[in-house]
Amino acid sequence: MNDAITRSALANAAAQGIGIGHLTPGQAWAAHHLAMPPERLTRPLASHIAALLENVERLARRRFFDGVAKDDAEEMIKRAYDEDNPMFLRGPIMETLNDGMQEFFPGLKPSGVDDKGRQVFNLADLAEALGTREEDLLAHAEKMGITNQLRTTPPNPLH
């Protein structure tokens with residue numbers, strides 16, 4: 000964790016879902032979300048500032064997790080990829096999904112990255128790894144309402 004808490008460092012920490020200085024990832028996101036001046040985030044945090052950050056973080060957690068059944072993996076995956084949710088909540092789920100991809104599909108390699116640096120996979124490669132047809136994957140994407148996430152343009156090449 001970086002020790003210097005500035006507005007830009009706070010924004011970066013919130014976007015990446017990481018802590019900064021003495022702030023946890025959730026506190027960093029809450030402070031950024033509240034546009035809190037960095038000078039209010041001294042160590043130790045004033046009790047009223049700590050309580051405010053805790054309440055904002057708790058509200059974000061409640062919004063993220065509430066209403067999802069324990070066995071509803073698809074909904075959690077959907078929320079993890081919803082950029083309206085804070086990265087400090089999305090990141091650990093996305094990391095777990097990435098670990099699972101590497102464990103269960105070790106031969107599957109991304110064909111590039113999108114404009115945000117996220118891995119992009121070729122549909123034919125995905126179909127082969129899953130033992131299905133491209134048409135079945137497209138039909139499933141349509142059923143799930145995620146066809147807008149499919150790219151038709153070439154991804155940025157991997158370096």
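Residue numbers (numbering that gives the first Met the number 0): 0 to 158.
We put the beta carbon where it would ideally sit given N, CA and C, even for glycine.
Which of helix, strand or coil DSSP assigns to residue i
i: residue 145; result: coil
i: residue 96; result: helix
i: residue 9; result: helix
i: residue 136; result: helix
i: residue 157; result: coil
i: residue 1; result: With a pLDDT of only 47 at residue 1, under 50, the local geometry of the prediction cannot be trusted, and the value read off the model is given with reservation. Correct three-state label for residue 1: coil.
i: residue 40; result: coil
i: residue 88; result: helix
i: residue 111; result: strand
Assigned exposure category for residue i - 16 Cβ within 10 Å defines buried
i: residue 56; result: buried
i: residue 26; result: buried
i: residue 105; result: exposed
i: residue 50; result: exposed
i: residue 13; result: buried
i: residue 22; result: buried
i: residue 52; result: buried
i: residue 85; result: buried
i: residue 29; result: buried
Extent of the continuous alpha helix (DSSP H) run through residue i
i: residue 55; result: 46-64
i: residue 124; result: 122-129
i: residue 74; result: 72-79
i: residue 24; result: 24-32
Contacts around residue i, its chain only, beta-carbon distance under 6 angstroms, and the 5 residues preceding and following it disregarded
i: residue 88; result: 63
i: residue 42; result: 21
i: residue 90; result: 16
Chain-order list of residues whose beta-carbon lies under 8 angstroms from that of residue i (same chain, five-residue window excluded)
i: residue 228; result: Here the chain covers residues 0 to 158 and nothing more, so residue 228 does not appear.
i: residue 122; result: 133, 136, 137 and 149
i: residue 73; result: 143
i: residue 48; result: 35, 39 and 40
Rounded distance between the beta-carbons of residue j and residue i, thought under 8 angstroms
i: residue 4; j: residue 37; result: 5 angstroms
i: residue 32; j: residue 10; result: Actually they do not touch by this definition, with Cβ atoms about 10 angstroms apart.
i: residue 8; j: residue 17; result: With 8 angstroms as the limit, residue 8 and residue 17 do not qualify as a contact, their Cβ atoms being about 10 angstroms apart.
i: residue 79; j: residue 96; result: 7 angstroms
Beta carbon proximity, residue i to chain C, threshold 8 angstroms
i: residue 5; result: Going by chain labels, chain C is absent from the structure shown, which holds only one protein chain.
Close beta carbons around residue i, own chain, < 7 angstroms, minus the five adjacent residues each side
i: residue 157; result: 109, 111 and 112
i: residue 140; result: 146 and 149
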